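*Asks:* Sharing a structure here in structure tokens format.
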Amino acid sequence: GTLFSPREGTMADEAPFQFLHNEVLQYIYKSAENGETDNGRNIAKLENMGFRVGQGLMERLTKDTARFKDELDIMKFVCKDFWTCVFKKQIDNLRTNHQGIYVLQDNKFRLLSQLSAGKQYLEQAPKYLAFTCGLVRGALSNLGVKSIVTAEVSVMPACVSDHKMIRKIFS
Amino acid sequence: MSRQSNRTTDSKKMNSELFTLTYGALVTQLCKDYENDEEVNKQLDKMGYNIGVRLIEDFLARSSIGRCQDFRETADVIAKVAFKMYLGITPSVTNWSPAGDEFSLILENNPLVDFVELPDNHSTLVYSSLLCGVLRGALEMVQMAVDVRFAQDTLRGDSVTEIRMKFIKRIEENLPAGDE
Chain A
1 GTLFSPREGT MADEAPFQFL HNEVLQYIYK SAENGETDNG RNIAKLENMG FRVGQGLMER
61 LTKDTARFKD ELDIMKFVCK DFWTCVFKKQ IDNLRTNHQG IYVLQDNKFR LLSQLSAGKQ
121 YLEQAPKYLA FTCGLVRGAL SNLGVKSIVT AEVSVMPACV SDHKMIRKIF S
Chain L
1001 MSRQSNRTTD SKKMNSELFT LTYGALVTQL CKDYENDEEV NKQLDKMGYN IGVRLIEDFL
1061 ARSSIGRCQD FRETADVIAK VAFKMYLGIT PSVTNWSPAG DEFSLILENN PLVDFVELPD
1121 NHSTLVYSSL LCGVLRGALE MVQMAVDVRF AQDTLRGDSV TEIRMKFIKR IEENLPAGDE
């Protein structure tokens, strides 16, 4: 398998989750009967695992918190508090069309720690994003928000090491 | 009404909850995929091993610990440095064998099992088997073959969690590690 190491700059206490996430990925894909042809099913499995974890995390995070005043308030909480708790940083940019679509941008997504850039890497990106999409969907679900969460990665042409992740949420 | 925001103190704890909850989701998935607990234990151990053989590099890079002189020093490093660094707990090192080749790590709190209760039909599941594999894999990369098992488990009704580690032998440096 590919050599995995946590992203430069990550704290030691982030490492267990990152290693575990990587191992979960390997397990889901190795145990699939038909390798790549089951990609959709594997992605769904990862997303569902993330969903349950996201629900649990958000429940614990908001135990003592007052209610949110609106959807935007919830999204800001996800971008700041939730993202910080999970990834030790905030979302870098939040955009919305004020009609239920939100785009969250993380310029240094923690779980994309493979070093090689290039087309092959981008093709692999969905499996590294699936669990996190589920996390967000689960977190929102715990707050009573139903959503579809998708993610994509783009690589800035000038800086190979910057990973952008854009997630769209439809409420 | 304004929202209380006191996240900095919580973020360390939350990070371990992310790991704990993810681990729980993994165990749940494995219990679905495998028919019996023994298979799940084995799979968790294997995954732990895969993590351990890579985690050791991360550990050595972060801690700049030199080569341990003996197994006693290894035990101290595991308990006081590695566990503390990654899981935020410091197990105590006790119950040394007379030959000095076996000891116990006692965990008052096992972070992996927060909020976990074993359902009735999983009495032989060793929930935290991943840890055994991690320790075994990591030590193999520094030329130590060890046997790691749970002697006590709070999930099975014991008052503490006890991990028993036994030194088997030194591994020759130029043999490649097994690839699982």
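In the order they appear, the protein sequences are chains A and L.
First residue of the first sequence? That's 1 in this note's numbering, and the numbers climb one at a time after it.
First residue of the second sequence? That's 1001 in this note's numbering, and the numbers climb one at a time after it.
Every residue gets a Cβ at the ideal spot worked out from N, C-alpha and C, and that includes glycine.
Please read these numbers as outputs of a predicted model, since none were measured by experiment.
#1: Pick out whichever of L:Ile1168, L:Arg1170 and L:Leu1139 has its Cα sitting closest to the Cα of Tyr1049 (chain L).
#2: Could you tell me whether the Cβ atoms of Glu1162 (chain L) and Ile1106 (chain L) are closer together than 8 Å?
#3: Against chain A, which members of the stretch 1075–1098 of chain L pass a CB distance test of less than 8 Å?
#4: Measure how close the beta-carbons of Ile1168 (chain L) and Ala1145 (chain L) come, nearest whole angstrom, since I'm counting them as under 8 Å.
#5: Select from the stretch 1097–1128 of chain L all residues with a C-beta closer than 7 Å to any C-beta belonging to chain A, and list them in chain order.
#6: For Asn42 (chain A) and Ala1082 (chain L), what's the separation of their Cα atoms in angstroms?
#7: Which residues of chain A have a Cβ atom closer than 8 Å to the Cβ of Arg1062 (chain L), listed in chain order?
#8: Residues in the same chain with beta-carbon distance under 8 Å from Leu46 (chain A), minus the five sequence neighbours each way, listed in chain order, please.
#9: Hey, could you find the ends of the beta strand (DSSP E) Asp70 (chain A) is sitting in?
#10: What's the gap between the Cα of Leu143 (chain A) and the Cα of Lys1080 (chain L)?
#11: Using 8 Å as the Cβ pair cut-off and three pairs as the minimum, do the stretch 1039–1049 of chain L and the stretch 44–61 of chain A touch?
#12: Tell me which residues share the same chain as Asn1041 (chain L) and place their Cβ nearer than 7 Å to its Cβ, disregarding the 5 neighbours each side in the sequence.
#13: Using CA atoms only, rank isn't needed, just tell me which of A:Thr62, A:Ser147, A:Ala15 and A:Glu123 is closest to Lys102 (chain A).
#14: What span of residues does the beta strand (DSSP E) with Asn39 (chain A) cover, start to end?
*Replies:* Judging by the given coordinates:
#1: Taking the first residue of the second sequence as position 1, residue 1049 (chain L) is located at position 49. Ranking the options by Cα distance to Tyr1049 (chain L), first place goes to L:Leu1139.
#2: By 1-based counting over the second sequence, the position of residue 1162 (chain L) is 162. By 1-based counting over the second sequence, the position of residue 1106 (chain L) is 106. Contact: yes.
#3: Met1085, Tyr1086, Leu1087 and Gly1088
#4: Here residue 1168 (chain L) refers to the residue found at position 168 of the second sequence. Here residue 1145 (chain L) refers to the residue found at position 145 of the second sequence. Yes, they are in contact, since the Cβ atoms of Ile1168 (chain L) and Ala1145 (chain L) sit about 4 Å apart, within 8 Å.
#5: none
#6: As a working mapping, residue 42 (chain A) is identified with position 42 in the first sequence. As a working mapping, residue 1082 (chain L) is identified with position 82 in the second sequence. Each residue's alpha carbon lies about 33 Å from the other.
#7: For this step, residue 1062 (chain L) is matched to residue 62 along the second sequence. Residues of chain A passing the Cβ test: Ala12.
#8: Here residue 46 (chain A) refers to the residue found at position 46 when the first sequence is read from its first residue. For Leu46 (chain A), where only same-chain residues beyond five positions count, the Cβ hits under 8 Å are Val24, Leu25, Ile28, Lys127, Ala130, Phe131 and Gly134.
#9: Stepping through the first sequence from its first residue, residue 70 (chain A) is reached at position 70. Element bounds for Asp70 (chain A): n/a, residue is neither H nor E.
#10: On the first sequence, position 143 is the one that residue 143 (chain A) refers to. On the second sequence, position 80 is the one that residue 1080 (chain L) refers to. Looking at the two C-alpha atoms, the distance is approximately 39 Å.
#11: no
#12: To locate residue 1041 (chain L), count along the second sequence from 1; it is residue 41. Answer for Asn1041 (chain L): Leu1125, Val1126 and Ser1129, listed in chain order.
#13: Within the first sequence, the letter at position 102 stands for residue 102 (chain A). Reading the sequence as shown, one finds Tyr at residue 102 (chain A) and not Lys. Taking only the C-alpha atoms, the option nearest Tyr102 (chain A) is A:Ser147.
#14: Position 39 of the first sequence, counting from 1, holds the residue named residue 39 (chain A). Careful: Asn39 (chain A) lies outside any beta strand (DSSP E), inside the alpha helix (DSSP H) at Asn39 to Leu61.
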